[in-house]
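Structure first, then comments.
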Amino acid sequence: MAMTLATRKRLVTALLVGPSAAWLSIFLVLPFIAILVFSVGERAPEGGYQAAFTFAQFMNLPARATAFWNTMLLAPVGAILCLLVAYPTAYYLAIRAPTRFRMLLVSLVVVPFWTSLLVRTYAWIFILGARGLPNLLALIGLPDVRLLNTPGAVLLGIVYGYLPLMIMPIYVSLEKLDRRLLEASADLGASPVRSFFNITLPLSLPGVATGVALVTILLLGEYLIPQLLGGGKVFFIGNALVDLFLQSRNWPYGSAIAVTLVSVVVLIITLAMRLAWRFAGTRQVDLV
Amino acid sequence: MSASDLHDIEFRSVTKRYGDVTAVTDINLAVPKGAFVALLGPSGCGKTTCLRMIGGFEQPSEGDVYIGETRVNDLPAYRRPVNMVFQHYALFPHLDVENNVAYGLRQQRPRIASDEISRRVGAALEMVRLSGFGRRRIHELSGGQQQRVALARAIVNKPKVLLLDEPLAALDRKLRTDMQMELQSLQRDLGITFLLVTHDQEEALSMSDLVCVMSAGRIRQFARPQEVYDRPADLFVADFVGKTNKMTVTAEPGILRLGNGATLPFAGPERGPAVLALRPEAMRIARVGTGDGPLVGHVTHRIFLGSLAEYSVAVAGVGEFLISAERHGLDANDLIEPGEAVSIDYISEAIRLYPA
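Residue numbers (my numbering), protein chains in the order written: chain C, 76 to 363; chain R, 42 to 397.
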């Protein structure tokens, strides 16, 4: 049977979108509905979930306020720190690095991903632990410096772990920057520094926004780094969730926290996209 | 008065090399104040390199570039009193038309008052007939409008010299002709020196006061358009600017001997083997019997152009000629058909001889 062109196009679209749509429906949408349902339920006496309709879990949220505020503070601060380290790196890679070595240097940024984050974070435990840097500092007359299990250690681990995720989108947006615009800017009398702030920076903001959003969102769910480098003292929501679902088996309460977290994330993305659109002057900004 | 009072741009023995490649070799060029000068040549001839050395985007490997009386070799682009209209406009996509045009004024120190800036931006937009477009974003504009914004963005700064890098290359034919006329009148109104890079000989001839023909990194001829067309300095110029018929000849006292043994009367002092160049419009053809030109051939091809007809005429032992014939009157029989035998005549003063 002959298919019309329109039918064939629809079929191709379905084939292209189908797998990811199915995957997301089964492994994202359905679980999320489950979480929504759990969040208004009750903890069964033996742990887990039992059907109910109550907002008691949400009323209980302040009990985990510390973890919430730790997350809300350390996620954006971590992302900003990442940005401050990543932007010059990305700028160097995209604009200054010799073309011959560019691909090599860019792949070096990605190389750390070849080793598990867990292993790399463990390495930091030894570096920051008493027999690591503090030991060296004691030698030069700075005894009793505590590095491990502090917010600083968590931030350091965060910046270290998430740096590539920040560098890449900024690199991409800088790399496709039309150099002729910089020539035009210089031609019109702008010094290199002014050209950077007038042209380069605004035009790389979509990449910056993508990187900040990406890292912030991932950090909101982070639990490994605070667990290992924060030593249970710097608690993130992610740690709270692990604790509630796996230890105390209070699924409804964990679900309520998760739902709150997702709502906050969605709100942040929406605002960030609006801002990015405004700066870039176009609606063609993809954050994630 | 020193030479630099008369010249806005000067190249003194400028050579530019990229590694092993020499883009521009020993260029000496003085652009008179207030002139419209075209740098004409095929791609890769070094014309854009010259322009970019004036703009400050390339540094000469040898020699000096002067803007007015200042040697600018070591002056960064942003300190040079010239502005460029870039080939692909290079408009800032994140700024609207007004802010694109105001960009140069905003960089100036001491600062220009903002009402002064908006007044000058308005005037510049009016000059390029884009009043009312100030709030538009760049991607909302057509190619021709973007071209005008690029122009306004440059002229609003009142540069000493306006550099134009193939500014009309991306426009369609109609728009290009309009812009050519607009650029000309703009240049007259502003009195600024315009330096235009182009590979389009028609554009160079029609717009500029002076044409600098370049090839392989060297200047071949720098003269008024008419001079370039009528008395090309060498075979390259004759070939590149306009259409030219060439034949190898031997110059002897009183005659030019052609490849087929035929001779043409010739009064020039040249002797020995040479290449003869003749413009298509300096030759005439007539049906054998109605004309008595010194050469005889037959029409192989005809291109009808309305007021003109261009004929390809093969002459045995000499080669193929392009001859353009103006059409007079409405004689239905005036067009010669392919295959017909014709005699060829020419204006002897139009003959140019070049060393073979």
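Each residue gets a CB set at the ideal place from its N, CA and C atoms; glycine is no exception.
A284 of chain C has a beta carbon lying at 7 angstroms or more from every beta carbon in chain R.
Of all residues in the segment 88-102 of chain R, the ones placed with a Cβ closer than 8 angstroms to any Cβ belonging to chain C are G96, G97, F98, in chain order. Identification of chain C residues near Y107 of chain R by a Cβ-Cβ cut-off of 7 angstroms yields none; the smallest Cβ-Cβ distance measures about 18 angstroms.
By the Cβ neighbour-count rule, G295 of chain R is exposed, with fewer than 16 other Cβ atoms within 10 Å of its own. Assignment of L205 of chain R by DSSP, reduced to helix, strand and coil, places it in the strand class. M125 of chain R belongs to the set of residues whose beta carbon lies under 7 angstroms from a beta carbon in chain C. Nearest CB-CB separation between R255 of chain C and chain R: below the 7 angstroms threshold. For F77 of chain R, the enclosing beta strand (DSSP E) covers residues 77-81. Of all residues in the segment 141-159 of chain R, only Y144, G145, Q148, Q149 place a beta-carbon less than 8 angstroms from a beta-carbon of chain C.
With respect to chain R, the C-beta atom of E250 of chain C has no partner C-beta closer than 7 angstroms. The three-state secondary structure of L223 of chain C, taken from DSSP, is coil. For K74 of chain R, no beta strand (DSSP E) encloses it, and the DSSP letter there is neither H nor E. Counting along the chain, A118 of chain R sits inside no beta strand (DSSP E), nor does DSSP assign it H or E at all. Pairing I388 of chain R with A264 of chain R, the inter-Cα distance amounts to about 23 angstroms. Counting the other CB atoms within 10 Å of its CB gives P151 of chain R a total below 16, which places it among the exposed residues.
The alpha-carbon of L299 of chain C is positioned some 18 angstroms away from that of R139 of chain C. Per the DSSP secondary-structure output, D137 of chain R pairs in a beta bridge with R:R178. Secondary structure of K284 of chain R (DSSP, three-state): coil. For T63 of chain R, DSSP records a beta bridge to R:R58. By the Cβ neighbour-count rule, I101 of chain C is exposed, with fewer than 16 other Cβ atoms within 10 Å of its own. In terms of Cβ geometry, G145 of chain R and L263 of chain C form a close pair [threshold 7 angstroms]. Looking at the DSSP output, R343 of chain R shares a beta bridge with R:Y352. Note on geometry: alpha-carbon atoms of I344 of chain R and R229 of chain R lie some 38 angstroms from one another. Excluding five sequence positions before and after S114 of chain C, the CB atoms of its chain that fall closer than 7 angstroms to its own CB belong to Q132, P327, S330, A331, V334, given in chain order. At least one CB of chain C lies nearer than 7 angstroms to the CB of Y119 of chain R. Taking the Cβ atoms as the reference, A165 of chain C lies roughly 4 angstroms from Y246 of chain C, within the contact range of under 8 angstroms. Secondary structure of E390 of chain R (DSSP, three-state): helix. In terms of beta-carbon proximity, D262 of chain C lines the interface with chain R, with at least one pair separated by less than 7 angstroms. Per DSSP, I233 of chain R lies in no alpha helix (DSSP H) segment and is marked neither H nor E. Under a criterion of Cβ atoms nearer than 7 angstroms, the residues of chain R adjacent to S266 of chain C are, in order, Y119.
With a contact defined as Cβ atoms closer than 8 angstroms, A259 of chain C and F127 of chain R qualify at about 6 angstroms.
V78 of chain R is positioned such that its CB atom lies closer than 7 angstroms to that of S249 of chain R. Counting only the Cα atoms, A193 of chain R lies some 55 angstroms from L336 of chain R.
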